[in-house]
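Step one of this worksheet: look at the structure below.
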Amino acid sequence: MSVNTRILLKQRSRGIPREQDFELVNVAADSPAAGELRGETLYLSLDPYLRGKISGRHLSGAVNEGGLMAGEALSRVVESKSDKFKEGDIIAAHSGWQSHPVINADSARAVNPELGPLSTLLGISGMPGLTAYAGMTRLAELKPADVVVVSAASGPVGSMVGQIAKQRGCHVVGVAGSNEKCRWVVEQAGFDDCINYREEALRDGLKRTCPGGIDVYFDNVGGDVLQASMEQLALGARVILCGLMAQYNINEMPPGPNPAFTIKARATVRGLVVYDHEDLRPEFEQQVSAWLKQGKIKYKEDMVEGLEAAPGLFCRLMRGENFGKAIVKVAEQ
Ligand SMILES: NC(=O)c1ccc[n+]([C@@H]2O[C@H](COP(=O)([O-])OP(=O)(O)OC[C@H]3O[C@@H](n4cnc5c(N)ncnc54)[C@H](OP(=O)(O)O)[C@@H]3O)[C@@H](O)[C@H]2O)c1
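Offset between the sequence shown (1-based) and the numbering used here: plus 1.
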């Protein structure tokens with residue numbers, strides 16, 4: 002009998018998730034029915050939006066107490082009862098935190114392992130990278146010489162935002178929460194500067210690094226970080242609202258940013274939902290694959306081994322202690 006290891010949401014997290022909120026169970030692996038396939042999970046993606054699913058606030062729906070934790074994973078097909086995939090194919094699906102999922106073939110997507118290292122298809126070449134790409138190519142209206150600021154700069158979204166902006170000739174400043182992250186952002190990802198907001202007041206750091214104002218602010222955090230960045234917008238600035246790390250773990254919503262700053266700067270504020278930009282994926286995958294192979298894009302992964310390590314890394318992600326794309330290596334490729 003083959004075993005499927007699953008990680009369930011034991012109880013809805015209050016505040017920052019704790020490992021006790023999750024429970025590992027071993028059950029007999031299911032067999033696929035017609036139109037389904039059984040996979041062996043290779044890599045599992047841990048993403049901040051999962052915190053919203055735990056509290057039931059995410060637009061893609063909730064994870065219920067006692068239910069399987071949600072998440073996108075890459076799996077190798079080990080048994081197929083569908084014409085769409087054969088044994089050995091590598092697929093992406095929202096199959097959750099489990100080692101041997103049974104997946105409806107219609108909800109799986111073939112992935113091309115030639116595009117780059119497989120794990121990057123969950124990070125900079127996957128949903129987070131597509132978010133950055135869509136935001137920068139469709140919403141930011143980038144111009145060479147724009148001053149671009151991005152928060153959570155060492156993560157898969159933030160690091161791609163900055164590197165795309167650099168390729169377009171912009172001056173790029175990251176905001177990150179440690180000197181180690183800032184060093185990586187400047188020395189590896191090639192940003193012009195990076196503000197460690199834990200060591201320097203963000204308002205001072207933004208005045209120092211962007212004295213003429215910010216032309217494009219890509220926000221992954223909300224709260225005070227958004228407020229401080231709005232105060233430093235240049236005339237005609239564009240603001241991409243992408244993520245809300247500052248409020249995923251809290252129940253009471255903080256007061257929003259003062260729209261007066263948007264008005265004063267005649268700024269355009271755009272909301273970004275990656276699902277609207279699925280049509281960009283083929284172009285994006287080819288582009289990122291080429292950049293990766295030419296060494297034009299750097300990425301950082303915070304990878305742990307074994308499905309049982311998923312809750313610990315997810316809790317670190319939600320405390321902001323991950324450094325790079327949070328990913329679980331579940332099995333050998
Ligand atoms: N709109 C969309 O369709 C879409 C799609 C994908 C992702 N997103 C959003 O994009 C953002 C970045 O995602 P990612 O996958 O690239 O994550 P990530 O950067 O790998 O991880 C999140 C980072 O947020 C920072 N952070 C700032 N304030 C925080 C706080 N109060 N608590 C915890 N962390 C805090 C931490 O970095 P520092 O220590 O450097 O501050 C942390 O490492 C997230 O907000 C995510 O929800 C949106």
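Don't be surprised by glycine CBs; every beta carbon is placed ideally from N, CA and C. In this text the structure is predicted, and so the values were computed from the model without any measurement.
Residues of its chain near residue i, where Cβ-Cβ distance is below 6 Å and the 5 sequence neighbours each way are ignored
{"i": "residue 203", "result": "229"}
{"i": "residue 147", "result": "171, 216, 217"}
{"i": "residue 24", "result": "9, 11"}
{"i": "residue 312", "result": "20, 23"}
{"i": "residue 278", "result": "135"}
{"i": "residue 271", "result": "140, 241"}
{"i": "residue 16", "result": "250"}
{"i": "residue 304", "result": "328, 330"}
{"i": "residue 325", "result": "301, 302, 303"}
{"i": "residue 57", "result": "63"}
Local Cβ density within 10 Å of residue i, reported as buried at 16 or more and exposed below that
{"i": "residue 213", "result": "exposed"}
{"i": "residue 251", "result": "exposed"}
{"i": "residue 276", "result": "exposed"}
{"i": "residue 182", "result": "buried"}
{"i": "residue 323", "result": "buried"}
{"i": "residue 334", "result": "exposed"}
{"i": "residue 295", "result": "exposed"}
{"i": "residue 162", "result": "buried"}
{"i": "residue 321", "result": "buried"}
{"i": "residue 26", "result": "exposed"}
{"i": "residue 115", "result": "exposed"}
{"i": "residue 223", "result": "buried"}
{"i": "residue 40", "result": "buried"}
{"i": "residue 133", "result": "buried"}
{"i": "residue 231", "result": "buried"}
{"i": "residue 30", "result": "buried"}
{"i": "residue 28", "result": "exposed"}
{"i": "residue 68", "result": "exposed"}
{"i": "residue 61", "result": "exposed"}
{"i": "residue 18", "result": "buried"}
{"i": "residue 206", "result": "buried"}
Nonlocal neighbours in the same chain, by C-beta distance under 7 Å from residue i, ignoring five residues either side
{"i": "residue 53", "result": "59, 249"}
{"i": "residue 185", "result": "155, 301"}
{"i": "residue 306", "result": "330"}
{"i": "residue 137", "result": "143, 162, 165, 166"}
{"i": "residue 34", "result": "82"}
{"i": "residue 267", "result": "236, 237"}
{"i": "residue 131", "result": "275, 278, 281, 282, 285"}
{"i": "residue 64", "result": "10, 54, 55, 70, 71"}
{"i": "residue 258", "result": "227, 228, 231"}
{"i": "residue 310", "result": "329"}
{"i": "residue 85", "result": "106"}
Beta-carbon spacing of residue i, residue j below 7 Å
{"i": "residue 239", "j": "residue 269", "result": "yes"}
{"i": "residue 273", "j": "residue 316", "result": "no"}
{"i": "residue 47", "j": "residue 327", "result": "yes"}
{"i": "residue 135", "j": "residue 164", "result": "no"}
{"i": "residue 124", "j": "residue 102", "result": "no"}
{"i": "residue 87", "j": "residue 81", "result": "yes"}
{"i": "residue 43", "j": "residue 291", "result": "no"}
{"i": "residue 173", "j": "residue 210", "result": "no"}
Beta-carbon separation (whole angstroms), residue i vs residue j, contact threshold 8 Å
{"i": "residue 286", "j": "residue 120", "result": "That pair is no contact at about 15 Å."}
{"i": "residue 78", "j": "residue 38", "result": "5 Å"}
{"i": "residue 49", "j": "residue 318", "result": "7 Å"}
{"i": "residue 126", "j": "residue 289", "result": "5 Å"}
{"i": "residue 293", "j": "residue 117", "result": "4 Å"}
{"i": "residue 98", "j": "residue 314", "result": "About 11 Å separates the two Cβ atoms, so there is no contact after all."}
{"i": "residue 66", "j": "residue 7", "result": "Going by Cβ atoms, the distance from residue 66 to residue 7 rounds to 14 Å, so no, they are not a contact pair."}
{"i": "residue 109", "j": "residue 91", "result": "So it is not a contact: roughly 10 Å between Cβ atoms."}
{"i": "residue 265", "j": "residue 233", "result": "Not a contact, Cβ separation roughly 11 Å."}
{"i": "residue 111", "j": "residue 36", "result": "Not confirmed; about 16 Å, so no contact."}
Close Cβ partners of residue i (< 8 Å) along its chain, the five nearest in sequence each way excluded
{"i": "residue 226", "result": "152, 176, 198, 203, 220, 247"}
{"i": "residue 200", "result": "180"}
{"i": "residue 89", "result": "77, 78"}
{"i": "residue 94", "result": "40, 73, 74, 76, 102, 104, 108, 109, 110"}
{"i": "residue 254", "result": "248"}
{"i": "residue 178", "result": "197, 198, 199, 321"}
{"i": "residue 145", "result": "169, 170, 171"}
{"i": "residue 32", "result": "39, 80, 103"}
- Inside the region 231–311 only - alpha helix (DSSP H) runs reaching at least 4 residues: 260–265, 282–294
- Message: Which complete beta strand (DSSP E) runs does the region 172–217 hold, if anything under 3 residues is left out?
- Response: Entirely contained in the region 172–217, the beta strand (DSSP E) runs reaching 3 residues are, in chain order, 172–177, 194–197.
- Can you check the region 6–47 for any beta strand (DSSP E) of at least 3 residues that lies completely inside it and give the ranges in chain order? 23–29, 37–46
- Item | Contained beta strand (DSSP E) runs [length at least 3] in the region 99–182, N- to C-terminal order | 103–105, 148–152, 172–177
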